[in-house]
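Enquirer: Protein sequence lines correspond, in order, to chains A and B. When we follow the working numbering, the leftmost residue of the first sequence carries the number 42, and every step to the right adds one. When we follow the working numbering, the leftmost residue of the second sequence carries the number -4, and every step to the right adds one. Note that the Cβ used here is the ideal one computed from N, Cα and C, for glycine as well. Only a predicted model underlies this, so the values are computations on that prediction, with no experimental measurement involved.
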Amino acid sequence: MGQDGMRGVLDGYRVLDFTQYVAGPTVTLMMAEMGAEVIKVELAPNGDFTRIAPVLRDGRSGYFVQHNRGKKSLCIDAKQAEGLAILKALVGKIDVVVENFAPGVIGRLGLDWPTIHALNPRAILCSVSAFGQTGPISGQPGFDGLGAAYAAVMSMGGEPDGPPYIPHLAIGDVSTGAHAMGAIACALLYREKTGRGQHLDLSLLDTYFHYHEASVQMHSLSGGAFKPTRPGLHSFYLAPVGTFKGRSGYIVIMCPMDHIFGYLCKAMGRPELMQDPRFATNEQRVKNRDALVSLIEQWIASMPSDEAALAAMQEYRVPCAPVLSVEEAVNHPHHRERGTVRKVRDRILGEFDLPGFPLRFSEFPTPLELDAPFLGEHNADVLGRYLGYSAEQVAELERRGLLRSAPR
Amino acid sequence: MPGDSLRHVLDGYKVLDFTQYVAGPTATLMMAEMGAEIIKVELAPAGDPSRRLPTVKDRRSGYFVQHNRGKQSLCLDARAPAGKEILRDLVARVDVVVENFAPGVISRLGFGYAEVSRINPRAVMCSISSFGQKGPLSALTGYDWSGAAYGGVAHMIGDADGPPTVPMVALGDVSTGVHAMGAIACALLARERTGKGQYLDIALLDTYFHYHEAGVQMASLSGGRFAPKRSGRHSYYVAPAGVFRARDRYIIVFALEDHQWSALCELMGRPELARNSRFANAAARVESLAEVIGLIEGWFASMPSDEATMAALRERRIPHAPVLTVEEAMRHPHLRERGTIRRVRDRILGEFELPGFALRFSDYQPLELDAPLLGEHNAAVLGRYLGYPAERVRELEQRGVLHSAPY
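This is the structure we're talking about:
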């Protein structure tokens, strides 16, 4: 319990959540972690598709649990008139609606923005999509990697004469969720002053394009002469900045400023390199990058171990890091101590590891104990508390198939 | 209309911004894009080190401009007593303080959270760092891809038997700034109820680790039998899902579901493959991945053009995308129409292009913003917030407590 008996910074906020997969659920997961009440609307009969994503044990999905802890499940047939009526009634009683259907789908369900705004002028609708609600490609099906491709982030990874790679993790989806969560919070702040809800349009494409911290302006300000593309293991505009081969693994070293390069020279016992005309400025270092990389890798190879090389660099405050595998990261004492990785408990899966909640609030230092719901687990709870439905009424709706539940 | 007098959703909020480079400035840039007033504190004489990063023309940095539009620059000597007094008085008058120095630095400057909350109990303070404020790694210096390395993310990209190959864009820094912005906004919401600020500890490492949408739970729940790793251009648990060589470019195709694979087989003129046991479901296709790649890349090569290929994929709604270069993306009609790429004007650099603002609010269009010259707003900030007359500001400049420069 933190300030004033609140569970978290968003305690008291209510969210009607139509999302599934990762990008949308990340938004509402973060809000749940901050104490908001999230009603996860799962379309009958099967609900969120990720309930069958690996790892599955006893019919319970670790994937689903990761992205849906702390949410309440309402499993409902939205295509029936009474189902839609229930959802519309709920819209009247919540603060935020979040959806990540393909553009147009929520409208065909009967809950487009004008409808939501009319039902509840204070409600915020956050729409998350691959390419945005409008525009030439907004109708195309999307996945994380497709956003990376269209946003030219994919083209920035790999060897110059080789293919780009598929990152095997949801860099875009998760970050889009974080963007959307921030946008929702800002819209709620605005609502404090004005009483107005708004429609928020977030996309994977915009998130990925946001990552271009240099390439866009460098291309533009060079009059198009400089064409950013994948540079391999080393930055195309700063040196030495990149991934270096070690004895047993790989080491990232980042010296974006002259004086930081100086630290590296000292760590290598080669202070004279700072005055070497090949390396005296960043521009020179970029030009002579191959020689510089080779020199550094030779030094690393000369050390008794990668750990020794890292320790030597860290002593001189050279920004450097070992490229850890997931297993190594999960077992790293820092990550465990900080809660970057944490152990959670699920009723069926038992204890297992998940990424920690990345936001830390001093008033709420202990992460909430959260459960991922079974399908339709909170049908009676939500309809009772929000709409005054009795247990018999809910049971009747389940018998008719309007509501559904399952023990997973 | 309600909100008419508000420039944007965060109009009225005031931020004292000690950040530099990218991660921290992303948080405050987003707040500036949403109408907040950002006082960027730049330490004299050089200010934000990113003022020296390319592209530099006439000492004006396009890198700096991109990450600092809409902010006001206050350039001062934070170690001088007069400088500290200014900062203390400003802390008292703002809603948010943001910093991304190495842990401990802001406290040694005299503005750790203990001090900030004493001066202003309503202030939300956000510290952004590489590895967090405490813990075994917290004393280490690090930049974006250090977080990718420690976070097990770099490990996940590249050839299976090749080096980790992270895309050379700020995957961590930008996203950390976004996470911080969200956390700040949520703390401000809590403040509406409690009247109190609090301290936020946001780290690059945590942002990167957040990206593990499957690998961590899969490793954990398999008792360590499943070890997430990079596998080059193609997914290792569904197919086809990867990067394929086409005539003039690379194209990503995600035809994971059986009906999408059937449609693709029809397009390739090989409808019978949909029923072939070697390809009938995703697991089988993964086993036969080399053949699947050969089939698809063969079909791509046989088409008259990549545009024709993509039109065919589009028509059958098979998820795919061209792997665009930065140049191509900047010209793409969808990105231009949506404002994913936008043209901005800078006083010195003139017109050029930048990524658009990633958040879209129905009540507001993007703001026209200027990036400040170094110390450009010394007099304005000290005058408006602290009532300093012009002579006093000049005196402080002469003494070197304040500094400014025309870039």
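Considering only their Cβ atoms, is the gap separating Ala171(A) from Thr67(A) smaller than 8 Å?
Expert: Inclusion of Thr67(A) and Ala171(A) in the CB contact set at 8 Å is not warranted, their separation being larger than that value.
Enquirer: Where are the alpha helix (DSSP H) runs, 4 residues long or more, that stay fully inside the segment 16 to 78 of chain B, in chain order?
Expert: 18 to 28 and 57 to 63
Enquirer: For Asn181(B), which of helix, strand or coil comes out of DSSP?
Expert: It should be pointed out that residue 181(B) corresponds to Cys in this sequence rather than to Asn. Residue state, collapsed to three classes: helix.
Enquirer: For Gly425(A), which of helix, strand or coil comes out of DSSP?
Expert: Look at Gly425(A) here: in three-state DSSP terms it is helix.
Enquirer: Should Asp53(B) be flagged as near chain A, meaning a C-beta pair shorter than 8 Å?
Expert: no
Enquirer: What is the DSSP secondary structure of Val138(A), reduced to helix, strand or coil?
Expert: strand
Enquirer: Report yes or no: is there a C-beta of chain B within less than 8 Å of the C-beta of Ser69(A)?
Expert: Correcting the residue type first, residue 69(A) is Thr in the shown sequence and not Ser. Not one chain B Cβ lies under 8 Å of Thr69(A).
Enquirer: Considering only DSSP beta bridges, list what Gly283(A) is partnered with.
Expert: For Gly283(A), which the question treats as bridged, DSSP gives the partners His275(A) and Ile294(A).
Enquirer: Is it the case that the Cβ atoms of Ser124(B) and Pro159(B) are separated by a distance below 8 Å?
Expert: no
Enquirer: If you follow the beta strand (DSSP E) that Pro363(A) is in, where does it begin and where does it stop?
Expert: Per DSSP, Pro363(A) is one residue of the beta strand (DSSP E) stretching across Cys361 to Pro363.
Enquirer: Return the Cβ separation of Tyr206(B) and Leu128(A) in integer angstroms, given the expectation that the two are a contact with Cβ distance under 8 Å.
Expert: About 32 Å; that fails the 8 Å criterion.
Enquirer: Would you mind working out which of Thr21(B), Ile34(B), Ser0(B) and Phe13(B) sits nearest Gly378(B), comparing C-alpha positions?
Expert: Ile34(B)
Enquirer: Count the other CB atoms within 10 Å of the CB of Asp214(A); is the residue buried (16 or more) or exposed (fewer)?
Expert: buried
Enquirer: Counting along the chain, where does the alpha helix (DSSP H) carrying Ser256(A) start and finish?
Expert: Ser256 to Leu262
Enquirer: To which residues of the same chain is Ala277(B) closer than 7 Å at the C-beta, ignoring the five residues directly before and after it?
Expert: Val233, Ala234 and Leu251
Enquirer: Contact defined as beta carbons within less than 8 Å: I believe Lys112(A) pairs with Lys81(A). What is the distance between those atoms, to the nearest angstrom?
Expert: 4 Å
Enquirer: At a CB distance below 8 Å, what residues from the segment 211 to 226 of chain B approach chain A? Give them in sequence order.
Expert: Val211, Gln212, Met213, Ala214, Ser215, Leu216, Ser217, Gly219, Phe221, Ala222, Pro223, Lys224, Arg225 and Ser226
Enquirer: Quick one: give me the first and last residue of the alpha helix (DSSP H) that Leu195(B) is part of.
Expert: Here Leu195(B) belongs to no alpha helix (DSSP H); instead the beta strand (DSSP E) covers Tyr194 to Ala198.
Enquirer: DSSP on Met(-4)(B), reduced to helix/strand/coil?
Expert: Confidence at Met(-4)(B) is low in this model, with a pLDDT of 49, below 50, so the placement of that residue should be treated as unreliable; the coordinate-derived value is given next. Coil, per DSSP.
Enquirer: Please name the residue in Ile165(A), Asn141(A) and Pro363(A) whose C-alpha comes closest to that of Lys286(A).
Expert: Ranking the options by Cα distance to Lys286(A), first place goes to Pro363(A).
Enquirer: With Val388(B) as the anchor, note down where its alpha helix (DSSP H) starts and where it stops.
Expert: Note, Val388(B): alpha helix (DSSP H), Ala385 to Gln393.
Enquirer: Which value, in whole angstroms, describes the spacing of the CA atoms of Ala447(A) and Val367(A)?
Expert: 33 Å
Enquirer: Where in the segment 184 to 239 of chain B do unbroken runs of the beta strand (DSSP E), each at least 3 residues long, occur, reported from the N-terminal end onward?
Expert: 194 to 198
Enquirer: Using a 10 Å radius around the Cβ and a threshold of 16 neighbouring Cβ atoms, would you call Glu302(B) buried or exposed?
Expert: exposed
Enquirer: Quick check: the Cα distance between His275(A) and Ser56(B), rounded to an integer number of angstroms?
Expert: 22 Å
Enquirer: Considering only the beta carbon of each residue, do Ser375(A) and Phe126(B) sit closer than 8 Å?
Expert: The identity of residue 375(A) in the sequence shown is His, whereas the question assumes Ser. Yes, the Cβ-Cβ distance between His375(A) and Phe126(B) is below 8 Å.
Enquirer: So which residues on chain A does Cys406(B) lean against when the C-beta distance must stay under 7 Å?
Expert: For residue 406(B) there is no data in the structure shown, the boundaries of chain B being -4 and 402.
Enquirer: Keeping to the same chain, check which residues put their C-beta closer than 8 Å to that of Glu123(A); ignore five residues upstream and five downstream.
Expert: Leu438 and Leu443
Enquirer: Check this for me: beta carbons of Arg326(A) and Leu336(A), under 8 Å apart or not?
Expert: no
Enquirer: Using a 10 Å radius around the Cβ and a threshold of 16 neighbouring Cβ atoms, would you call His300(A) buried or exposed?
Expert: Under this definition His300(A) is an exposed residue.
Enquirer: For the segment 104 to 111 of chain B against the segment 373 to 392 of chain A, are there 3 or more C-beta pairs whose distance is under 8 Å?
Expert: no
Enquirer: Kindly indicate which residue of Pro317(B), Pro266(B), Arg312(B) and Arg265(B) has the alpha-carbon position closest to the one of Arg244(B).
Expert: Pro317(B)
Enquirer: Between His329(B) and Gly145(A), which are expected to be in contact by the criterion C-beta below 8 Å, what is the C-beta distance as a whole number of angstroms?
Expert: The pair is not a contact, with the Cβ atoms about 16 Å apart (cut-off 8 Å).
Enquirer: Note the first and the last residue of the continuous beta strand (DSSP E) segment covering Pro350(B).
Expert: Looking at the DSSP string, the run of the beta strand (DSSP E) that includes Pro350(B) is Gly345 to Pro350.
Enquirer: I want to see whether chain A comes within less than 8 Å of Ser124(B), judged by CB atoms only; does it?
Expert: no
Enquirer: If we cut at 8 Å on Cβ distances, does Ser102(B) have a partner in chain A?
Expert: no
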